[in-house]
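This report concerns only the one structure given below.
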Amino acid sequence: MIATQDGADAPWQQIRAQLPQLERADILVGLPSLNNAETVKPVIQAVTTGLQQAFPAASVLLVNQDAGSHDGTPELMKGAVEERFPIALLSRTASGTSGIESFPRLSGGLAAGREEAFQAFLSATKEAGATACAVIDPSVRSVTPDWMAWLLGPIMESRADYVAPLFLRPRYEGSLTNTLVYPLNRALYGTAMRYHAGGGCGISGTLAGLYLTEPFWDERIARSSLETCLATVAIAEGRRLCQAGLGEKLAPSSAGGEDVSAVVAHTVGAAFYFMERYQDVWEHSAPTQPVLHTGIPYRPQPDRGPINIDKMMRGFRQGLRDLLPIWEIILSPETLSGILPLGLVEKDDFRFPPQLWAQTVYDFALAYHDKVLHREHLLKSLTPLYLGQMASLVLRTQHQKPEDVEECIEELCDTFARTKPYLVERWRFS
Amino acid sequence: MKEMWQDAMLEAFHETSRRLGLFLPKLLALLTFLALGVIAGWLVKALLMRLLSALRFDAFCERMGLMQALARAGVVRPASSLIGRLSFWTVFLVFGLMGIDALSLPATANLMSVLLGFLPHVIAAAFLLLFGVLLGNFLAEAALITAVNAQIQEARFIAQLVRWAVYLFTGAMVLTQLGIAKEIVVAAFCIIFGGIVLALAIALGLGGRHIARDKLERRLRRRRAEEDELTHI
Chain A
1 MIATQDGADA PWQQIRAQLP QLERADILVG LPSLNNAETV KPVIQAVTTG
51 LQQAFPAASV LLVNQDAGSH DGTPELMKGA VEERFPIALL SRTASGTSGI
101 ESFPRLSGGL AAGREEAFQA FLSATKEAGA TACAVIDPSV RSVTPDWMAW
151 LLGPIMESRA DYVAPLFLRP RYEGSLTNTL VYPLNRALYG TAMRYHAGGG
201 CGISGTLAGL YLTEPFWDER IARSSLETCL ATVAIAEGRR LCQAGLGEKL
251 APSSAGGEDV SAVVAHTVGA AFYFMERYQD VWEHSAPTQP VLHTGIPYRP
301 QPDRGPINID KMMRGFRQGL RDLLPIWEII LSPETLSGIL PLGLVEKDDF
351 RFPPQLWAQT VYDFALAYHD KVLHREHLLK SLTPLYLGQM ASLVLRTQHQ
401 KPEDVEECIE ELCDTFARTK PYLVERWRFS
Chain B
431 MKEMWQDAML EAFHETSRRL GLFLPKLLAL LTFLALGVIA GWLVKALLMR
481 LLSALRFDAF CERMGLMQAL ARAGVVRPAS SLIGRLSFWT VFLVFGLMGI
531 DALSLPATAN LMSVLLGFLP HVIAAAFLLL FGVLLGNFLA EAALITAVNA
581 QIQEARFIAQ LVRWAVYLFT GAMVLTQLGI AKEIVVAAFC IIFGGIVLAL
631 AIALGLGGRH IARDKLERRL RRRRAEEDEL THI
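Printed below as a string of structure tokens:
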């Protein structure tokens, strides 16, 4: 971890070596990159224009950490800034990472060294005494100048410590977040905060200092679910939160090529990791509080293409057939007796009741806590149940308006909150 | 005549008394060793079970699928209890062998040294067996979950194949470690394992070559059928 090891201020030393006249900055914008030559110019254009428009009096520092581009991304980035702001280019090896360590990340479809870049930006934010830090993904083609005001404005005005991105997406996209992570975290921590992965986020200088002392950087979840880590720590630590509606996100999609069960395991695993960490917080959390919103209001978009319900149903039914011995270990008899009859229901009548889904997620959280199975096996065995729940949601709402999906998500959130005593009682005695 | 009878009687009596005098301390030593074996075995068992309980060994075994495997074999005791019992009987056996050695019987003269010389092999074989069962269950579970999530209909068959391949490999290693028919075991293992691989290769070559070609083409050419992807996560 950068903040606690020797050379903790290595990014800042590199920045000072490149920009000797720089003493401090009000705003730091971090730009983690890897072969983004196609998109980097318009993104930098939008970022610099946005900064000039929204914060004309602030001293700004741009920092790029490149994970080993072969297309000259850092040089293009520096050229695109055109002396409007100071920019420092950091290399990954300076933060103590050798090239070979990035192989598993690359093979796993994850951005190489992304969490190291975040650590470098947070460390530089702290050393520069900056009030706010924004991290912008240069691969996102839809970055506009407004993003800077939306991500940094609430922090500069001392209204928020963490600004999470919220994109306009087709109604069923991000369903793992919408139907599992969001209702779970909302029930646990009493904060109605939604967030999407990637694109950009805003972090206050004080929160950056806190993040650097966090132990999650040494865990696998920091590589696979960084946004969940940042958002959950901010929520559980009681920091001021904000959601920034950033419009549509146009970026190379990774979800389609990624194994669904791996995504489920990473995302849900991160949520469960923080449940163990913040047990004392969520056991006594207050009723749900609304979260500040800036930017474009969130509304679900129409579908981009057909949703393959049959494949989801097949996945659920096969799980019920083949994974039953594993689910018998994980799920309570009460939950299992609710799930078993679903295997006999015809497709059109198939519904996964919200109450049953909440109990299922809580049973998995309890089994994760009790370590009844190898944790990766446990998390991956949730996939067929998630597919069943997802199929049920699509079957219920496919002929309705996109907004009706939001009603279902709200219903899920209420059910998770209502069922929370079921979790608390069992967690205490496990 | 009478004197000769008396001498014979006395000699026999003295000889028996002398032999009994020599044997009784050895018998006493045997009984003492047995009693000590019970006490030491009980102590080791109690300490080991307490240690395993503190380390949550039963939960670990359940997590690794060992308990399920034992349950399938009709053993319903917790793993810590099984290991406790095993440790008791091992300690008792060692003390028992010491007692038998104390009797100095010609038939059991080298028993102790032979058995003690073999003990490391038995312990190593036991560990191999335990590790093999745990590994087999773990890999079978991983294969099952992966295959189910990939919606492969033969998921359970694949999982069983993985489990029994590891068991087979473990069994061969255990028998080799114990030195039981080494050559036969190695030859049998090679024949069975090679046979399975050959059978699978022939089955794939004859029955599934079109599927294999299609799969390889899709993988190598990165062709993705849009309708088969779950992109909404």
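One line per chain: the protein sequences are A and B, in this order.
Per this note's numbering, the first sequence starts with residue 1, numbered consecutively.
Per this note's numbering, the second sequence starts with residue 431, numbered consecutively.
Positions of the beta carbon are idealized from the N, C-alpha and C atoms, including for glycine.
Task: chain A contacts from the region 579 to 599 of chain B (Cβ-Cβ distance under 9 Å) - done: Of all residues in the region 579 to 599 of chain B, only Asn-579, Ala-580, Gln-581, Ile-582, Gln-583, Ala-585, Arg-586 and Ala-589 place a beta-carbon less than 9 Å from a beta-carbon of chain A.
Open item on the list: Bridge partners for Asn-64 of chain A per DSSP, in chain order?
Closed with: Counted from its first residue, the first sequence places residue 64 of chain A at position 64. Beta-bridge pairing links Asn-64 of chain A to A:Leu-31 and A:Leu-89.
Task: Other residues of its chain near Arg-84 of chain A: CB distance less than 6 Å, five sequence neighbours each side excluded - done: The residue labelled residue 84 of chain A in the question sits at position 84 within the first sequence. Within the same chain, Arg-84 of chain A has close Cβ partners Thr-48.
Open item on the list: Would Ala-577 of chain B pass as an interface residue toward chain A - the criterion being a Cβ-Cβ separation below 9 Å?
Closed with: In the second sequence, residue 577 of chain B corresponds to position 147, counting from 1. True, the Cβ-Cβ gap to chain A drops below 9 Å.
TODO: Would you check if the distance between the CB atom of Phe-272 of chain A and the CB atom of Leu-379 of chain A is smaller than 9 Å?
DONE: In the first sequence, counting from the first residue as 1, residue 272 of chain A sits at position 272. In the first sequence, counting from the first residue as 1, residue 379 of chain A sits at position 379. Their beta carbons are under 9 Å apart, which means Phe-272 of chain A touches Leu-379 of chain A by this criterion.
Task: Three-way DSSP call (helix, strand, coil) for Gln-119 of chain A in this model - done: Position 119 of the first sequence holds residue 119 of chain A. In the three-state reduction of the DSSP assignment, Gln-119 of chain A falls in the helix class.
Task: Phe-364 of chain A (DSSP reduced to helix, strand or coil) - done: In the first sequence, residue 364 of chain A corresponds to position 364, counting from 1. Note: Phe-364 of chain A maps to helix in three-state DSSP.
TODO: Specify the secondary structure class of Pro-439 of chain A as computed by DSSP and reduced to three states.
DONE: Any answer about residue 439 of chain A is impossible in this case: the structure gives chain A only from 1 up to 430.
Task: DSSP three-state assignment for Val-47 of chain A, whether helix, strand or coil - done: Here residue 47 of chain A refers to the residue found at position 47 when the first sequence is read from its first residue. Helix, per DSSP.
Task: Unbroken beta strand (DSSP E) run spanning Leu-241 of chain A, endpoints - done: If you number the first sequence from 1, residue 241 of chain A lands on position 241. Per DSSP, the unbroken beta strand (DSSP E) holding Leu-241 of chain A starts and ends at 241 to 248.
Open item on the list: Let me make sure I understand the geometry here. Which of B:Phe-522, B:Val-604 and B:Ala-570 has the alpha-carbon closest to that of Ala-554 of chain B?
Closed with: Within the second sequence, numbered from 1, the residue matching residue 554 of chain B stands at position 124. Here the closest residue by C-alpha is B:Val-604.
Open item on the list: Using a Cβ-Cβ distance cut-off of 9 Å, determine whether His-377 of chain A contacts chain B.
Closed with: In the first sequence, counting from the first residue as 1, residue 377 of chain A sits at position 377. Closer than 9 Å: yes.
- [ ] With DSSP collapsed to three states, give me the class of Val-506 of chain B.
- [x] Sequence index remark: in the second sequence, residue 506 of chain B carries index 76 (1-based). It is coil, neither helix nor strand.
TODO: Show which residues of chain B have a CB atom less than 9 Å away from the CB atom of Gly-315 of chain A.
DONE: Translated into the one-based positions of the first sequence, residue 315 of chain A becomes position 315. Near Gly-315 of chain A (Cβ distances below 9 Å), the residues of chain B are Val-578, Asn-579, Gln-581 and Leu-660.
Task: Residue nearest to Arg-314 of chain A in terms of C-alpha spacing, selected from B:Gly-601, B:Gln-581 and B:Ile-626 - done: In the first sequence, counting from the first residue as 1, residue 314 of chain A sits at position 314. Of the residues B:Gly-601, B:Gln-581 and B:Ile-626, the one whose Cα lies closest to the Cα of Arg-314 of chain A is B:Gln-581.
Task: Pairwise C-alpha distance: Leu-481 of chain B and Leu-549 of chain B - done: As a first step, residue 549 of chain B must be located in the second sequence, where it is residue number 119. As a first step, residue 481 of chain B must be located in the second sequence, where it is residue number 51. The alpha-carbon atoms of Leu-549 of chain B and Leu-481 of chain B are separated by roughly 23 Å.
Task: 8 Å CB neighbourhood of Ile-588 of chain B in its chain, flanking five on each side removed - done: Counted from its first residue, the second sequence places residue 588 of chain B at position 158. Apart from sequence neighbours up to five positions away, the residues of its chain that approach Ile-588 of chain B with a beta-carbon distance below 8 Å are Ala-573, Leu-574, Ala-577 and Ile-582, ordered along the chain.
Task: Distance between Gly-198 of chain A and Ser-139 of chain A (C-alpha atoms, nearest Å) - done: Against the first sequence, residue 139 of chain A aligns to sequence position 139. Against the first sequence, residue 198 of chain A aligns to sequence position 198. One C-alpha to the other measures close to 10 Å.
Open item on the list: Just to confirm, is the Cβ distance from Ile-307 of chain A to Val-405 of chain A under 9 Å?
Closed with: Here residue 307 of chain A is taken as the residue at index 307 of the first sequence, counted from 1. Here residue 405 of chain A is taken as the residue at index 405 of the first sequence, counted from 1. One thing to note: Ile-307 of chain A has its Cβ no nearer than 9 Å to the Cβ of Val-405 of chain A.
TODO: Quick one: residues in its chain with C-beta nearer than 8 Å to the C-beta of Leu-527 of chain B, no 5 flanking neighbours on either side, listed in chain order?
DONE: Looking up residue 527 of chain B in the second sequence gives position 97. Take Leu-527 of chain B, set aside five residues on each side of it, and the residues of its chain with a beta-carbon closer than 8 Å to its own are Leu-541, Met-542, Leu-545 and Leu-546, in chain order.
Open item on the list: Under 8 Å, with one C-beta from each stretch per pair, do the region 150 to 167 of chain A and the region 224 to 232 of chain A reach the 3-pair mark?
Closed with: Between the region 150 to 167 of chain A and the region 224 to 232 of chain A there are three or more C-beta pairs closer than 8 Å, enough to call the two in contact.
TODO: Kindly give me the distance between the Cβ atoms of Ser-204 of chain A and Ala-132 of chain A, rounded to whole angstroms, as I take these residues to be in contact under 8 Å.
DONE: In the first sequence, counting from the first residue as 1, residue 204 of chain A sits at position 204. In the first sequence, counting from the first residue as 1, residue 132 of chain A sits at position 132. About 6 Å separates the two Cβ atoms, so the contact holds.
Open item on the list: Give me, in chain order, the residues of the same chain whose beta-carbon lies closer than 7 Å to that of Gln-389 of chain A; leave out the 5 immediate sequence neighbours on both sides.
Closed with: Numbered from 1 along the first sequence, position 389 holds the residue referred to as residue 389 of chain A. Thr-179, Phe-352 and Trp-357.
Task: Per-residue DSSP class, three states only, for Tyr-195 of chain A - done: To locate residue 195 of chain A, count along the first sequence from 1; it is residue 195. Note: Tyr-195 of chain A maps to coil in three-state DSSP.
- [ ] Give the secondary structure of Tyr-298 of chain A by DSSP, where H, G and I count as helix, E and B as strand, and everything else as coil.
- [x] Translated into positions along the first sequence, residue 298 of chain A becomes position 298. If DSSP states are grouped into helix, strand and coil, Tyr-298 of chain A belongs with coil.
Task: Interface partners of Glu-647 of chain B on chain A, CB under 9 Å - done: As a first step, residue 647 of chain B is located in the second sequence; it is residue number 217 there, counting from the start. Chain order gives no chain A residues near Glu-647 of chain B, where near means a beta carbon separation below 9 Å; the closest approach is about 17 Å.
- [ ] Report yes or no: do three or more beta-carbon pairs, one from the region 291 to 310 of chain A and one from the region 134 to 153 of chain A, lie closer than 8 Å?
- [x] By the C-beta criterion, the region 291 to 310 of chain A is judged to be in contact with the region 134 to 153 of chain A, since at least 3 inter-stretch pairs fall below 8 Å.
Task: Check whether Ala-80 of chain A and Ile-27 of chain A have beta carbons under 9 Å apart - done: Taking the first residue of the first sequence as position 1, residue 80 of chain A is located at position 80. Taking the first residue of the first sequence as position 1, residue 27 of chain A is located at position 27. No. Outside cutoff.
- [ ] Using a Cβ cut-off of 7 Å, pull out every chain B residue sitting near Gly-319 of chain A, in sequence order please.
- [x] Residue numbering aside, residue 319 of chain A sits at position 319 when the first sequence is read from its first letter. By Cβ distance, chain B contributes Val-578.
Task: Chain-ordered neighbours of Leu-574 of chain B on chain A, where CB pairs are closer than 8 Å - done: For this step, residue 574 of chain B is matched to residue 144 along the second sequence. Chain A residues near Leu-574 of chain B: Asp-322, Leu-323 and Ile-326.
Task: Those residues which DSSP pairs with Leu-496 of chain B across a bridge - done: Residue mapping note: residue 496 of chain B aligns to position 66 of the second sequence, counting from 1. Leu-496 of chain B pairs with nothing; no bridge assigned.
Open item on the list: Can you confirm whether Asp-644 of chain B, when its beta carbon is compared against all beta carbons of chain A, has any partner nearer than 9 Å?
Closed with: Residue numbering aside, residue 644 of chain B sits at position 214 when the second sequence is read from its first letter. No, its Cβ sits nowhere closer than 9 Å to a Cβ of chain A.
Open item on the list: Any C-beta of chain A within less than 7 Å: which residues of the region 466 to 494 of chain B qualify?
Closed with: Identification of residues in the region 466 to 494 of chain B having a C-beta nearer than 7 Å to some C-beta of chain A yields Ala-489, Glu-492 and Arg-493, given in sequence order.
TODO: Count the other C-beta atoms from every protein chain shown that fall within 10 angstroms of the C-beta of Thr-267 of chain A, then say buried if there are 16 or more, exposed otherwise.
DONE: Taking the first sequence and counting its residues from 1, one reaches residue 267 of chain A at position 267. With a 10 Å radius around the Cβ and a threshold of 16 neighbouring Cβ atoms, Thr-267 of chain A comes out buried.
Task: Per-residue DSSP class, three states only, for Ala-391 of chain A - done: Start at 1 with the first residue of the first sequence, and residue 391 of chain A comes out as number 391. Of the three classes helix, strand and coil, the one that applies to Ala-391 of chain A here is helix, per DSSP.
TODO: Report the residue from B:Glu-441, B:Leu-523 and B:Asn-567 whose alpha carbon sits nearest the alpha carbon of Met-497 of chain B.
DONE: By 1-based counting over the second sequence, the position of residue 497 of chain B is 67. For Met-497 of chain B, the closest C-alpha among the options B:Glu-441, B:Leu-523 and B:Asn-567 is that of B:Asn-567.
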